[in-house]
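Undergrad: In the numbering used here, the protein residues as written are 38 to 287.
Below you will find the structure I want to go over with you.
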Amino acid sequence: MELSARTDIGNKRAENQDSYRAQAHTDGKAWLAVCDGMGGARGGRLASGLAVVSIEQVLCAGLPGVETDKQARALLEQAVRSANEAVYEKALATPAARGMGTTVVCGVCRGGMLQYAHVGDSRIYLFHGHSICQLTKDHSIVQELVEQGSITAEEAAFHPRKNLITRALGVGPQVEVDFGEIVLSPGDILVLCTDGLSNYVTVDEMEEIIQNTGFYNMADALVNRALEAGGLDNVTVLLAKCEATEENNG
Numbered sequence: 038m039e040l041s042a043r044t045d046i047g048n049k050r051a052e053n054q055d056s057y058r059a060q061a062h063t064d065g066k067a068w069l070a071v072c073d074g075m076g077g078a079r080g081g082r083l084a085s086g087l088a089v090v091s092i093e094q095v096l097c098a099g100l101p102g103v104e105t106d107k108q109a110r111a112l113l114e115q116a117v118r119s120a121n122e123a124v125y126e127k128a129l130a131t132p133a134a135r136g137m138g139t140t141v142v143c144g145v146c147r148g149g150m151l152q153y154a155h156v157g158d159s160r161i162y163l164f165h166g167h168s169i170c171q172l173t174k175d176h177s178i179v180q181e182l183v184e185q186g187s188i189t190a191e192e193a194a195f196h197p198r199k200n201l202i203t204r205a206l207g208v209g210p211q212v213e214v215d216f217g218e219i220v221l222s223p224g225d226i227l228v229l230c231t232d233g234l235s236n237y238v239t240v241d242e243m244e245e246i247i248q249n250t251g252f253y254n255m256a257d258a259l260v261n262r263a264l265e266a267g268g269l270d271n272v273t274v275l276l277a278k279c280e281a282t283e284e285n286n287g
């Protein structure tokens, strides 16, 4: 699996509160994680950094021994819950960081399968064939309004409350996590990103960039498009391109 990434502070923010980590193993397995911290001066950067480091520790230690999809899902859940605990306990011990939290979107790839987990409004997209689709569903106020039929998806993109999330890592001792899985094909490209990308670059624009840009230039092209469109937030893009896959041992 090939990996590529870029993070940028954006055109307005004083610091970058996004964090990411990823690693491709020689046995064909790989893991990916992107976090978008919240809490302003109280610790958004600290929260996202703690989360990705915690996820990295769990996945690096456990992924070599994973042989089934069930084991991959269990390891992923352990990683996310460990990250939640790390951020929550740090907030309790750091008065200046009380209330900090972070989104998370992460995945484990093995045997032609992606197991993924997410909390908040950071996303995973899958580019397959010639089209792109969103795998995750935002945990946000506007997503709930869309599902209730109160606003359309198009209206959600410009809603004044579009940045308000309903779930985050680290704000409580427990967190509700959404999980999913999907079969991957050679040539598929996974796009993990913060809302600094998805709020400024449309799905059609993402698709056009991916179709017409070499893999190792895609992250730069996507981030640059977000910056050109306003770039008022930090923006992070993590890409993974699937190569020939091993047999799925489920």
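No residue lacks a Cβ here, since even glycine has one placed at the ideal position from N, Cα and C.
Quick caveat, the model's predicted, so the values are computed rather than measured.
Buried or exposed: where does Asn271 fall if 16 or more other Cβ atoms within 10 Å of its Cβ makes it buried?
TA: Your numbering for residue 271 matches position 234 in the sequence shown. Under this definition Asn271 is a buried residue.
Undergrad: Under a Cβ-count criterion, where at least 16 other Cβ atoms within 10 Å of its own Cβ denotes burial, should Val220 be classed as buried or exposed?
TA: Here residue 220 refers to the residue found at position 183 of the sequence shown. Counting Cβ neighbours within 10 Å, Val220 comes out exposed, since fewer than 16 surround it.
Undergrad: Would you say Val142 and Ala133 are within 9 Å of each other, going by their C-beta atoms?
TA: Counting from one through the sequence shown, the residue named residue 142 turns up at place 105. Counting from one through the sequence shown, the residue named residue 133 turns up at place 96. No, these two residues do not count as a Cβ contact at 9 Å.
Undergrad: So, Ala70 versus Ala61, is the Cβ gap smaller than 9 Å?
TA: Stepping through the sequence shown from its first residue, residue 70 is reached at position 33. Stepping through the sequence shown from its first residue, residue 61 is reached at position 24. For the pair Ala70 and Ala61, the CB atoms are not nearer than the 9 Å cut-off.
Undergrad: Expressed to the nearest angstrom, what Euclidean distance is found between the alpha-carbon atoms of Lys174 and Thr131?
TA: Here residue 174 refers to the residue found at position 137 when the sequence shown is read from its first residue. Here residue 131 refers to the residue found at position 94 when the sequence shown is read from its first residue. Taking the straight line joining both Cα atoms gives about 32 Å.
Undergrad: Can you tell me where the alpha helix (DSSP H) with Glu245 in it begins and where it stops?
TA: Position 208 of the sequence shown, counted from the first residue, corresponds to residue 245. Note, Glu245: alpha helix (DSSP H), Val240 to Gln248.
Undergrad: Report the option in Asp45, Leu40 and Met38 whose CA atom is closest to the CA atom of Val260.
TA: Translated into positions along the sequence shown, residue 260 becomes position 223. Measuring from the Cα of Val260, the nearest candidate turns out to be Asp45.
Undergrad: Using CA coordinates, which residue listed in Ala128, Ser91 and Lys127 is at the minimum distance from Leu112?
TA: Here residue 112 is taken as the residue at index 75 of the sequence shown, counted from 1. It is Ser91 whose Cα lies nearest to the Cα of Leu112.
Undergrad: Looking at C-alpha atoms only, which residue of Gly217, Asn249, Ala59 and Gly102 is the closest neighbour of Gln152?
TA: Looking up residue 152 in the sequence shown gives position 115. The residue with the shortest Cα to Cα distance from Gln152 is Gly217.
Undergrad: Would you mind reading off the limits of the alpha helix (DSSP H) that contains Tyr153?
TA: Position 116 of the sequence shown, counted from the start, is the residue given in the question as residue 153. DSSP places Tyr153 outside any alpha helix (DSSP H); the residue lies instead in the beta strand (DSSP E), whose first and last residues are Met150 to Val156.
Undergrad: Using three-state DSSP, classify Gln54 as helix, strand or coil.
TA: For the purposes of this step, residue 54 is identified with residue 17 of the sequence shown, where counting begins at 1. Of the three classes helix, strand and coil, the one that applies to Gln54 here is coil, per DSSP.
Undergrad: Let me know the alpha helix (DSSP H) ranges lying completely inside the region 190 to 258, each 4 residues or longer, listed in chain order.
TA: 190 to 193, 232 to 235 and 240 to 248
Undergrad: Take every Cβ of the region 47 to 56, pair it with every Cβ of the region 96 to 108, and state whether three or more of those distances are shorter than 8 Å.
TA: no
Undergrad: Buried or exposed for His167, going by 16 or more other Cβ atoms inside 10 Å?
TA: Translated into the one-based positions of the sequence shown, residue 167 becomes position 130. Classification of His167: exposed, given that the 10 Å Cβ count is below 16.
Undergrad: Between the C-alpha atoms of Gln54 and Gly76, what's the straight-line distance to the nearest angstrom?
TA: Stepping through the sequence shown from its first residue, residue 54 is reached at position 17. Stepping through the sequence shown from its first residue, residue 76 is reached at position 39. One C-alpha to the other measures close to 9 Å.
Undergrad: Can you look up Ser119 in the DSSP assignment and give me helix, strand or coil?
TA: One-based indexing of the sequence shown puts residue 119 at position 82. In this structure, Ser119 counts as helix in the three-state DSSP scheme.
Undergrad: Suppose you measure from the CA of Gln171 to the CA of Glu126; what does that come to, to the nearest Å?
TA: Translated into the one-based positions of the sequence shown, residue 171 becomes position 134. Translated into the one-based positions of the sequence shown, residue 126 becomes position 89. Roughly 32 Å separates the two Cα atoms.
Undergrad: Beta-carbon separation of Lys278 and Glu39 under 9 Å?
TA: Stepping through the sequence shown from its first residue, residue 278 is reached at position 241. Stepping through the sequence shown from its first residue, residue 39 is reached at position 2. Closer than 9 Å, so yes.
Undergrad: Are three or more beta carbon pairs between the region 229 to 239 and the region 248 to 257 nearer than 8 Å?
TA: no
Undergrad: Which of helix, strand or coil does DSSP assign to Val179?
TA: Residue mapping note: residue 179 aligns to position 142 of the sequence shown, counting from 1. It is helical.
Undergrad: For Asn285 and Pro197, what's the separation of their Cα atoms in angstroms?
TA: Here residue 285 refers to the residue found at position 248 when the sequence shown is read from its first residue. Here residue 197 refers to the residue found at position 160 when the sequence shown is read from its first residue. Below a pLDDT of 50, predicted positions are generally treated as unreliable, and Asn285, at 47, falls in that range; the measurement from the model is reported next regardless. The alpha-carbon atoms of Asn285 and Pro197 are separated by roughly 44 Å.
Undergrad: Tell me the residue span of the alpha helix (DSSP H) that contains Ile92.
TA: For the purposes of this step, residue 92 is taken as the residue at position 55 of the sequence shown. Taken as a continuous stretch (DSSP letters only), the alpha helix (DSSP H) holding Ile92 covers Gly81 to Gly99.
Undergrad: Suppose the cutoff is 7 Å on Cβ atoms and the five residues either side in sequence are ignored; what does the same chain contact list for Ala263 look like?
TA: Within the sequence shown, residue 263 is the residue found at index 226, counting from 1. Excluding sequence neighbours, Ala263 sits near Gly233, Leu234, Tyr237, Val238 and Val272.
Undergrad: When burial is assigned at 16 or more other CB atoms within 10 Å of the CB, is Thr189 buried or exposed?
TA: For the purposes of this step, residue 189 is identified with residue 152 of the sequence shown, where counting begins at 1. An exposed status is given to Thr189, since fewer than 16 other beta-carbon atoms sit within 10 Å of its beta-carbon.
Undergrad: State the Cα-Cα distance for the pair Ala205 and Ser56, rounded to the nearest angstrom.
TA: As a first step, residue 205 is located in the sequence shown; it is residue number 168 there, counting from the start. As a first step, residue 56 is located in the sequence shown; it is residue number 19 there, counting from the start. Their Cα atoms are separated by approximately 15 Å.
Undergrad: Helix, strand or coil for Glu104, going by three-state DSSP, please let me know.
TA: Indexing the sequence shown from 1 puts residue 104 at position 67. The answer is coil: DSSP assigns Glu104 none of H, G, I, E or B.
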